[in-house]
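Trainee:
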Amino acid sequence: MYICSSKSYKFWSTGKRSEALKRWFAPKQAAGAHGSHNLCVLFLTTLFPLWVASCLFFALEPVEGPLLEKYGFPKAGTETRCYTNHALSYDQAKRVPRWVIEHISKQKTLGNADRRHCKFRPDPNIPLMFSAANEDYVGSGWSRGHMAPAGDNKFSTRAMAETFYLSNIVPQNYENNAGFWNRMEMYCRELTERFEDVWVVSGPLTLPETGGDGKKRVTYQVIGKDDVAVPSHLYKVILARRSRTTTEPLVLGAFVVPNDPVGFGHQLTEFQVNIEDLEKMSGLVFFPQVDKTKDVKNICDVDTCKLMGFKEFTLYITTRKVQSARTLHRLEKVMSELREAGIEPDEYLLKLHKKKEEELMQEKQVEKQSLS
């Protein structure tokens, strides 16, 4: 195979080619070995020149690159696309991202950007014929799962809105999306309390399964008229740096989660995988500028890798529901569901509930006056 360039035979036209070939291919004499010297001489004086000549003959054949490229090579659309706070590579055949990378800091998780002002929509940068549509998800039984979450971008309305592009979305199990995956995202944000910079790469996987006949097959569901691929698993790779001036090694962790419900009885460490194994599964090399053999430590050895528990998580979700409640009926239903789960509201939630109740009652009063 040749690279389609006039430089493809440059190596062969240099004076260093013989030395390089000797270094790569010439037999090496073992220490203390006898009788192999003559064989080595025979190779270098007789066989080796013939071999080099044959290589040069084929390597110097005209390369048809310009002609092959005359009307252009096929385009897969997998080039990196950059947005305000995330970048991705898109799979035009499956209508989902191959990978999405984001940077999180404490500052970026704070701000006034509100997801209620954001809407899922096709990415204007993706050709329409290769894009998923909201209609593909309607009635499919699958939720629209963010790879780069909206909550990591409260610093910017634009950055948050861009996470709702369907190029950042995969069909995800509802319970997984709202539960375990959500808790993983929260853990990544929590890391910014202890690390100045956090990078996260997330994406879908379609892994093989072994059938009853012992053969491995890759099969997956597609949804909607655009045949959006439903992944069997999701991955997340986390890289964190303590500070920009630290001498501490980076910390790294790779996780693969099934696209199914995962209950509170499971720990994050159960889904940790070797980074090289994930690279083989995905066909991707993560953080290629990092020497992962010596420049990093296992994130779960340095940090907790502990996700939010049932009570704490339920209180957190209830707090968000109270904040977004638009009617008194909805507000009381949210609090009722919390108590039915056997959890009493904490002081913060009680104060928030009271404040929200007063706001909704005042809105209702104003509405009555406007109608009278």
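Numbering (the numbering used here), first residue to last: 15 to 386.
From the three backbone atoms N, C-alpha and C, an ideal C-beta is built for every residue, glycine too.
1. Out of 199, 165 and 136, which one is the CA nearest neighbour of residue 151?
2. To the nearest angstrom, how far is the alpha carbon of residue 188 from that of residue 79?
3. Between the alpha carbons of residue 330 and residue 171, how many angstroms are there, rounded?
4. Between which two residues does the beta strand (DSSP E) harbouring residue 213 extend?
5. Put residue 272 into one of helix, strand or coil per three-state DSSP.
6. In chain order, which beta strand (DSSP E) runs of at least 3 residues are fully inside the stretch 317-372?
7. Assign residue 222 to buried or exposed, taking buried as 16 or more other Cβ atoms, counted over all protein chains shown, within 10 Å of its Cβ.
8. Closest by CA to residue 144, which one among 160, 92, 133 and 338?
9. Could you spell out where the beta strand (DSSP E) holding residue 203 opens and where it closes?
10. Relative to the C-alpha of residue 375, which candidate in 357, 344, 359 and 362 has its C-alpha closest?
11. Assuming residue 101 is part of the beta strand (DSSP E), what are its boundary residues?
12. Do you know how far the Cα of residue 133 is from the Cα of residue 147?
13. Spatial neighbours of residue 202 within its chain, please: C-beta separation below 7 angstroms, excluding the five flanking residues on both sides.
14. Restricting to Cα atoms, I'd like to know which of 245, 294, 273 and 314 is closest to residue 108.
15. Determine the burial state of residue 169: buried for a count of at least 16 other Cβ atoms within 10 Å of its Cβ, exposed for fewer.
16. From what residue to what residue does the alpha helix (DSSP H) around residue 151 run?
17. With distance defined between alpha-carbon atoms, name the residue in 196, 218 and 210 nearest to residue 321.
18. Apply the 10 Å Cβ neighbour rule to residue 1 and answer buried if 16 or more other Cβ atoms are within range, or exposed otherwise.
19. Taking contact to mean at least 3 C-beta pairs separated by less than 8 angstroms, is the stretch 83-101 in contact with the stretch 173-184?
20. Let me know the secondary structure DSSP gives residue 183 once reduced to three states.
21. Could you check what DSSP says for residue 311 in three-state terms: helix, strand or coil?
22. So, residue 300 versus residue 313, is the Cβ gap smaller than 8 angstroms?
23. Thinking C-alpha only, which one of 159, 332 and 96 is nearest residue 273?
24. Start and end of the beta strand (DSSP E) containing residue 111?
25. Determine the DSSP secondary structure at residue 157, reduced to helix, strand or coil.
26. Keeping to the same chain, check which residues put their C-beta closer than 8 angstroms to that of residue 149; ignore five residues upstream and five downstream.
27. Please classify residue 208: does DSSP put it in a helix, a strand, or coil?
28. From the DSSP output, in three-state form, read off residue 243 for me.
29. For residue 357 and residue 209, I'd like the C-alpha separation in whole angstroms.
30. If you run the structure through DSSP and keep just helix, strand and coil, what is residue 223?
31. Bridge partners of residue 252, per DSSP?
32. Considering Cα atoms alone, identify which of 154, 193 and 128 is closest to residue 167.
33. Ignore the nearest five residues each way along the sequence and tell me which others in residue 156's own chain have a CB closer than 8 angstroms to its CB.
34. Whose CA, out of 125, 247, 258 and 116, lies closest to the CA of residue 286?
35. Can you tell me whether residue 56 is helix, strand or coil according to DSSP?
36. Take residue 284 as the anchor and find which of 297, 295, 296 and 269 has the nearest alpha-carbon.
Mentor: Concretely, from the data shown:
1. 136
2. 49 angstroms
3. 22 angstroms
4. 211-219
5. strand
6. none
7. exposed
8. 92
9. Taken as a continuous stretch (DSSP letters only), residue 203 belongs to no beta strand (DSSP E), being part of the alpha helix (DSSP H) at 194-204.
10. 344
11. 100-105
12. 12 angstroms
13. 118, 212, 214 and 252
14. 245
15. buried
16. 148-151
17. 196
18. In this structure the chain extends from 15 to 386, so residue 1 is not present and cannot be described.
19. yes
20. strand
21. strand
22. no
23. 159
24. 110-118
25. strand
26. 238 and 239
27. coil
28. strand
29. 32 angstroms
30. strand
31. 214 and 267
32. 128
33. 185, 186, 187, 188, 237 and 244
34. 247
35. Confidence is the limiting factor: at residue 56 the pLDDT is only 49, short of 50, which leaves the residue's position unreliable, though a coordinate-based value still follows. Helix.
36. 269
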